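Q: The following block contains the structure, expressed as structure tokens.
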Amino acid sequence: MTNITQPALSSGTFRIGGDLEVNRLGYGTMQLTGPGVWGPPKDHDEAIRVLRRAVELGVNFFDTAESYGPYVAEELLKEALHPYADDVVIATKSGLTRTAPNVWPPLGRPEFLRQGAEMSLRRLGLERIDLFQLHRIDPKVPLEDQVGELKALQDEGKIRHIGLSEVTIDEVKEAQKIAEIVTVQNLYNLQTRDAEDLLDWSEEQGIGFIPWFPLATGGLTGDDSPLTDIAARKGATPAQIALAWLLKRSPVMLPIPGTSSVAHLEDNMQGAVIELTDEEFAELSALRS
1 MTNITQPALS SGTFRIGGDL EVNRLGYGTM QLTGPGVWGP PKDHDEAIRV LRRAVELGVN
61 FFDTAESYGP YVAEELLKEA LHPYADDVVI ATKSGLTRTA PNVWPPLGRP EFLRQGAEMS
121 LRRLGLERID LFQLHRIDPK VPLEDQVGEL KALQDEGKIR HIGLSEVTID EVKEAQKIAE
181 IVTVQNLYNL QTRDAEDLLD WSEEQGIGFI PWFPLATGGL TGDDSPLTDI AARKGATPAQ
241 IALAWLLKRS PVMLPIPGTS SVAHLEDNMQ GAVIELTDEE FAELSALRS
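Counting along the sequence shown from 1, when you hit position 58 you're at 58 in UniProt numbering, and nothing is skipped either side.
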């Protein structure tokens, strides 16, 4: 495994919406917040170092949300990286409220989504949000009202592209009748592949697929990881193998492993330089639980 100074550059690139080119191995900010994704980080200075180090390692795609903290992750991004480099792409989300740690009620009323976009613009210090995602479809609000409001914000120049999170193929197709959907973000990792059909369909459509919990929140990285053997053979860590598998799985895959530690960040990013053979990929794929 070659240790390069900007490993994320080895992950390949993808053009979100056909015009926003990002390095495929990105960074997700959820773990920068306090326990239960609530409140400030345990170590504020380390959180800032993580974000700045990510850029140094070649990351130019950052995923966040107003609900992370709430608001904390967006504020940290601005503090660490503003003014942003020209190639940095920030994706954020609205559509979930926060009432307590680990509590995430959906709220898709148009006025709430609009407020979310307006406040995210302010917190992030942006004039336009590159990728604005509906964090969850609210079953109590018509889909056309939710996606329609995002389309209105897009028409006003406040957001550039629209994405959805935790959706089915049919839901994306319905949303596409209202606005162009350029990314989907669903739970997906080596062990949990319920979104396999959505991934394959997204690849056919040229839609970016952002897997959340790409490392199964540590479930694939511990001492008892099912990836331990192959990681040892490759001179890598289980986390690096899990990310290498995701990157090989599909050219539209945009993994966003998150961490609050610079050391873990540096370890994760080396997953982009690992080249799995077809045989190794098949061996890993067979580990599905």
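Note that beta-carbon positions come from the ideal geometry of N, C-alpha and C, so glycine has one too. Quantities reported herein were computed from a predicted structural model and do not represent experimental measurements.
#1: Going by the CB atoms, is the gap between Leu32 and Val50 shorter than 8 Å?
#2: Going along the chain, which unbroken runs of the beta strand (DSSP E) with 3 or more residues stay wholly within the segment 153-212?
#3: Starting from the Cα of Asn268, find the closest Cα among Tyr27, Leu20, Phe14 and give me that residue.
#4: Starting from the C-beta of Leu113, find all residues in its chain whose C-beta is less than 6 Å away, skip the five residues before and the five after it, and write them out in chain order.
#5: In the DSSP assignment, find the unbroken beta strand (DSSP E) run with Gln133 in it and report its ends.
#6: Would Leu96 pass as a contact of Leu107 if the rule is Cβ separation under 8 Å?
#7: Flag this pair as yes or no: are the beta carbons of Ile90 and Leu124 separated by less than 8 Å?
#8: Thinking just about the alpha-carbon of each residue, which of Tyr188, Asn102, Arg249, Glu118 is nearest to the one in Thr277?
#9: May I have the straight-line CA-CA distance separating Leu126 from Thr92, to the nearest angstrom?
#10: Going by C-alpha to C-alpha distance, which of Gly222, Pro211, Arg128 sits closest to His161?
#11: Just to confirm my understanding: we take Tyr68, look at its own chain, exclude 5 residues before and 5 after, and list those with CB closer than 7 Å. What are they?
#12: Mind listing, in chain order, the continuous alpha helix (DSSP H) runs of no fewer than 4 residues lying wholly within the segment 82-137?
#13: Measuring alpha carbon to alpha carbon, tell me which of Arg288, Phe132, Met119 ends up nearest Tyr71.
#14: Alpha carbon to alpha carbon, how far is Pro251 from Pro238?
#15: Go to Asp45, then tell me how far its alpha helix (DSSP H) extends in each direction, as first and last residue.
#16: DSSP on residue 340, reduced to helix/strand/coil?
#17: In three-state DSSP terms, what is Ile230?
#18: State buried or exposed for Val103, treating a residue as buried only when at least 16 other CB atoms are found within 10 Å of its CB.
#19: Of all the options Asp197, Glu156, Gln146, Glu196, which has the alpha carbon lying nearest to the alpha carbon of Lys177?
#20: Measuring straight from C-alpha to C-alpha, what distance separates Trp212 and Ala117?
#21: Is Met1 helix, strand or coil by DSSP?
A: If we stick to the structure as given:
#1: Less than 8 Å divides the Cβ of Val50 from the Cβ of Leu32.
#2: Entirely contained in the segment 153-212, the beta strand (DSSP E) runs reaching 3 residues are, in chain order, 159-165, 181-187, 208-212.
#3: Among Tyr27, Leu20, Phe14, the Cα nearest to that of Asn268 belongs to Tyr27.
#4: Correct list, in chain order: Ser94, Glu149.
#5: Boundaries of the beta strand (DSSP E) around Gln133: 129-134.
#6: Less than 8 Å separates the beta-carbon of Leu96 from that of Leu107.
#7: Yes, these two residues count as a Cβ contact at 8 Å.
#8: Of the candidates Tyr188, Asn102, Arg249, Glu118, Arg249 places its Cα closest to the Cα of Thr277.
#9: Taking the straight line from one Cα to the other gives about 12 Å.
#10: With distances taken between Cα atoms, His161 lies closest to Arg128.
#11: Correct list, in chain order: Thr29, Met30, Thr33, Val37.
#12: Counting whole runs of 4 or more residues, the segment 82-137 contains the alpha helix (DSSP H) stretches 110-124.
#13: The shortest Cα separation from Tyr71 among Arg288, Phe132, Met119 belongs to Met119.
#14: Rounded to whole angstroms, Pro251 to Pro238 spans 21 Å at the Cα level.
#15: It spans 44-56 - the alpha helix (DSSP H) in which Asp45 sits, taken as one unbroken run.
#16: Here the chain has residues from 1 to 289 only, and residue 340 is not among them.
#17: Residue state, collapsed to three classes: helix.
#18: Exposed, since its Cβ has fewer than 16 Cβ neighbours within 10 Å.
#19: Its Cα nearest to that of Lys177, the residue Gln146 stands out among Asp197, Glu156, Gln146, Glu196.
#20: Looking at the two C-alpha atoms, the distance is approximately 21 Å.
#21: Interpretation of Met1 is limited by its pLDDT of 46, a score under 50 that renders its predicted location unreliable; the figure taken from the coordinates is listed afterwards. Secondary structure at Met1: coil, using DSSP grouped into helix, strand and coil.
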